[in-house]
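Chemist:
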Amino acid sequence: MSKIKVAVIGCGAIAQRRHIPEYADNGNVELVAFADPILERAESMAETYGGQAFASFEELLAQADVDAVSICTPNHLHASMAIAAANAGKHVLVEKPMATTLEEGERMIEAARNNGVFLMVGHNQRPMPPHVKAKEILDSGELGKVLTFRTSFGHPGPEAWSVDGAESWFFRKDEAIMGAMGDLGVHKSDFIRYLLNDEVAEVAGFIGTLDKEGTDVDDNAACLLRMKGGAIGTLVASWTQYKGGDNSTVLWCERGVMKIGTVDGDEVIVEPVDGLVETYKVGAMATNEKQVPSGVIDAFVDSIATNTPPAISGEEGLKSLQVILAAFESQRTGQFVKL
Ligand SMILES: NC(=O)c1ccc[n+]([C@@H]2O[C@H](COP(=O)([O-])OP(=O)(O)OC[C@H]3O[C@@H](n4cnc5c(N)ncnc54)[C@H](O)[C@@H]3O)[C@@H](O)[C@H]2O)c1
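This is the structure we're talking about:
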């Protein structure tokens, strides 16, 4: 089989740390082009991995011979780039949040469908080993139904992550649209839907900019979720956890508790109501400092290679985004929002 020709759009932190090295490690892929308006970033990737560098996405799309693209740009560009790439017949892996409005997300899905290409969203919480293990345990039924939960994702903010540091687009509302909620909250709305095999029915959101200066994007959110299946829980996203950080989820179920990411080294802990505590060492959760292969890039490549629609589809990404947008509406209106 000839290799899948891939271009990476946006050569910042997530492209450099995850997409590009994971494509390079995948034997089915040839990295052929990189685009970034800061041309040196694209050139530096092309020097290391081979392929051409472009200062603009449009030029890349017009000139490079590619089968698939990864879109690793600021949030406000995801929809227009994904739609243009799909219209040019390219498969698309777009970073989260897939879009900034529901309408944008729907247009992306439609463009992929109309052009017979795959659209996948970079929701890399799903394939993380602790989350895979947790899902396997929950799906086995040993804990019974989930009654209540909390899920939380926090770190000190994107200053130490983005290639542009404190000057990053992450802090500019016209480019980011959402702050901690678009960065971290959407990971957790996706994860809880996936883990519980359930959809969110109702959301209340308290969202604010509590500590970051010079920005009006949110740096903290605490939300209440009621799931269609009846479980109720909380979702927290934070950019102001200056010490410690948190990427954890706890489920209180009919027959016990499952704790994910609460204890370093014991990534999943099951405490049955009757029975012995079980701990699973299945590999650490990725953090900004400690990156591990995401699994997302290999899954995208496998989808293309086997002509199988991706599990983390545009439709999935859109449902996860909808929860976050509902939380903003709740914050704005002071009302609970039904989905
Ligand atoms: N899945 C994850 O865990 C994860 C983690 C971090 C970021 N992300 C997402 O990835 C996306 C990128 O974030 P990042 O952390 O890499 O940001 P970053 O600031 O490190 O890099 C963004 C890059 O995009 C480039 N860019 C800006 N406009 C462009 C354009 N028109 N064409 C091409 N490139 C352009 C910038 O020059 C920069 O190099 C965001 O949507 C973010 O939410 C996902």
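Residues 1 to 339, numbered by the working numbering, are exactly what the sequence shown covers, in order. Don't be surprised by glycine CBs; every beta carbon is placed ideally from N, CA and C.
(1) So, helix, strand or coil for ASN124, using DSSP?
(2) Beta carbon of ASP264: closer than 7 Å to some heavy atom of ligand 1?
(3) Does at least one heavy atom of ligand 1 sit under 7 Å from the Cβ of ALA201?
(4) When burial is assigned at 16 or more other CB atoms within 10 Å of the CB, is ASN124 buried or exposed?
(5) How many Å lie between ASP67 and ALA231 at the Cα?
(6) To the nearest whole angstrom, what separates the beta carbons of PRO158 and ASP183, a pair I think is in contact under 8 Å?
(7) Taking the alpha carbon of GLY317 as the reference point, which residue from ALA284, LYS281, PRO21 and SER189 has its own alpha carbon closest?
(8) Ordered along the chain, which non-local residues of its own chain (more than five positions away) have a Cβ less than 7 Å from that of THR148?
(9) Looking at the strands, I want to know which residues DSSP matches up with ASN220.
(10) To the nearest angstrom, how far is it from the Cα of ILE260 to the Cα of HIS131?
(11) For a test of the three-state rule: what should DSSP assign to GLN335, helix, strand or coil?
(12) Reducing DSSP to helix, strand and coil, say where LYS5 ends up.
(13) What are the boundary residues of the beta strand (DSSP E) that includes LEU93?
(14) Hey, out of VAL268, ARG17 and MET227, whose CA is closest to GLU136's CA?
(15) Note down the Cα distance separating VAL146 from VAL117, rounded to an integer number of angstroms.
(16) Using the C-alpha atoms, what's the distance from GLU175 back to ALA24?
(17) From the DSSP secondary-structure annotation, give me the bridge partner or partners of GLY233.
Modeler: Reading from the atomic positions:
(1) If DSSP states are grouped into helix, strand and coil, ASN124 belongs with coil.
(2) No, ligand 1 has no heavy atom inside 7 Å of this Cβ.
(3) No.
(4) Buried: at least 16 other Cβ atoms inside 10 Å.
(5) In this structure, the alpha-carbon of ASP67 lies about 42 Å from that of ALA231.
(6) Their Cβ separation, rounded to whole angstroms, is 7 Å, which keeps PRO158 and ASP183 in contact under 8 Å.
(7) Comparing Cα positions, the closest option is SER189.
(8) Correct list, in chain order: ALA231, ILE232, GLY233 and TRP252.
(9) Partner(s): GLY208 and SER238.
(10) Approximately 7 Å between the Cα atoms of the pair.
(11) GLN335: coil per DSSP, three-state reduction.
(12) Residue state, collapsed to three classes: strand.
(13) That run of the beta strand (DSSP E) goes 91-94.
(14) The option with the nearest alpha carbon to GLU136 is VAL268.
(15) Our two residues, VAL146 and VAL117, have alpha carbons roughly 36 Å apart in a direct line.
(16) When rounded, the distance between both Cα atoms is 29 Å.
(17) In DSSP, GLY233 forms a bridge with PHE149 and LEU225.
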